[in-house]
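S.K.: Numbering (mature numbering (1 follows the signal peptide of the UniProt record, and there is no 0)) for the sequence shown: -19 to -1, 1 to 207. Yeah, the Cβ is synthetic: ideal placement off N, Cα and C, and Gly gets one too.
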Amino acid sequence: MKKIFFTICIGLFSLATLAQESETRKLSSFSGVKVSEGIDAYLKKGGKEEVRVEATGTELSNVITEVSGDYLKIHMEEGVFRNRTVKVYVTYVSINSIGASSGANVFHEGILKTDDLTLKASSAGTIELKTESKTIDAGASSAGEIVVEGSAGTVELDASSAGEIDAYNLTCDKAEAEASSGASVKLMVVKDLEARASSGGNIRYRGNPERSNTNSSSGGSVRKSN
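#1: CB of Val74 to nearest heavy atom of the ligand MG: below 6 Å?
#2: Output needed for Ser122: all residues of its chain with C-beta closer than 6 Å, excluding positions within five of it in sequence on either side, in chain order.
#3: To the nearest angstrom, report how far apart Ser193 and Ala81 are at their CA atoms.
#4: With DSSP run on the structure shown, which of helix, strand or coil describes Ser42?
#5: I'd like the span of the beta strand (DSSP E) that includes Ser165, first residue to last.
#6: Tell me the DSSP secondary structure of Ile(-10) in three-state form.
#7: Let me know the secondary structure DSSP gives Leu138 once reduced to three states.
#8: Under 7 Å, Cβ to Cβ, is there at least one residue of chain B near Lys155?
#9: By Cβ distance below 8 Å, which residues in the same chain neighbour Ser10 in space, the five residues on each side in sequence not counted?
#10: Is Gly120 closer than 7 Å to Gly106 when the C-beta atoms are compared?
#11: Taking the continuous beta strand (DSSP E) assigned at Lys155, which residues delimit it?
#12: Nearest-angstrom Cα distance between Val16 and Ser206?
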């Protein structure tokens, strides 16, 4: 009987440990977001800066949401590596920069409208969003991935070390694309294209640009796609 009671207590303790916790945190102003360490972040525009943190398998205090300079940085407390699921819902007033690294995933609700947008994904980090921007600077490296849709005037896309940028559904007037070291870039361009692929890099583009200048070397490939 004691053994059964002990087993039940252990089970209840385990369930309590794994139960989801959540809290809302107020923030000072920021214009960029950086997410890391396997956290899923969901961004949306609102009237004030705040985050709602949801955590399973770890304490809320282990989830750091701090504003440093212009950036909201979201990461785990140092040394917290055990199995856990963390989701952070970010409300912002205005942002122009998003970064994802170390297995983090960043998603945007609705259309992100800004003049100049910077996107950086590295170390298996992922960014997915739809935007209307004048300029976009996007970089993916070390198996980072960026999926971006919408429209832009001028874009710079740089992928390296197995990074991937999928901008097939982003219509832009002018594009400069570079892929190297097994990386991949996909884009849609209307007027002007500069594309360079090297060391197994792969660039595929859609559209009929009025001017195009492409270069490939060391096993790189630049080709028009259907």
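M.R.: In short:
#1: Here there are no bound small molecules, and the ligand MG is not part of this structure.
#2: The residue you call residue 122 lines up with position 141 of the sequence shown. Once the five neighbours on either side are set aside, the close Cβ partners of Ser122 are Ser103, Ser141, Ser142 and Gly144.
#3: Stepping through the sequence shown from its first residue, residue 193 is reached at position 212. Stepping through the sequence shown from its first residue, residue 81 is reached at position 100. In a straight line, the C-alpha of Ser193 is about 31 Å away from that of Ala81.
#4: Here the question's residue 42 lines up with position 61 in the sequence shown. Helix at Ser42.
#5: Counted from its first residue, the sequence shown places residue 165 at position 184. Per DSSP, Ser165 belongs to the beta strand (DSSP E) from Ser165 to Ser179.
#6: What you label residue -10 is simply residue 10 of the sequence shown in a count that begins at 1. With a pLDDT of only 46 at Ile(-10), under 50, the local geometry of the prediction cannot be trusted, and the value read off the model is given with reservation. Helix, per DSSP.
#7: The residue you call residue 138 lines up with position 157 of the sequence shown. DSSP places Leu138 in strand when its eight states are reduced to three.
#8: The structure shown contains no chain B, having only a single protein chain.
#9: Walking along the sequence shown from the start, residue 10 turns up at place 29. Cβ within range, chain order: Glu30, Val48 and Val74.
#10: What you label residue 106 is simply residue 125 of the sequence shown in a count that begins at 1. What you label residue 120 is simply residue 139 of the sequence shown in a count that begins at 1. For Gly106 and Gly120, no; Cβs fall outside 7 Å.
#11: For the purposes of this step, residue 155 is taken as the residue at position 174 of the sequence shown. Note, Lys155: beta strand (DSSP E), Glu145 to Ser161.
#12: As a first step, residue 16 is located in the sequence shown; it is residue number 35 there, counting from the start. As a first step, residue 206 is located in the sequence shown; it is residue number 225 there, counting from the start. Roughly 33 Å between the two C-alpha positions.
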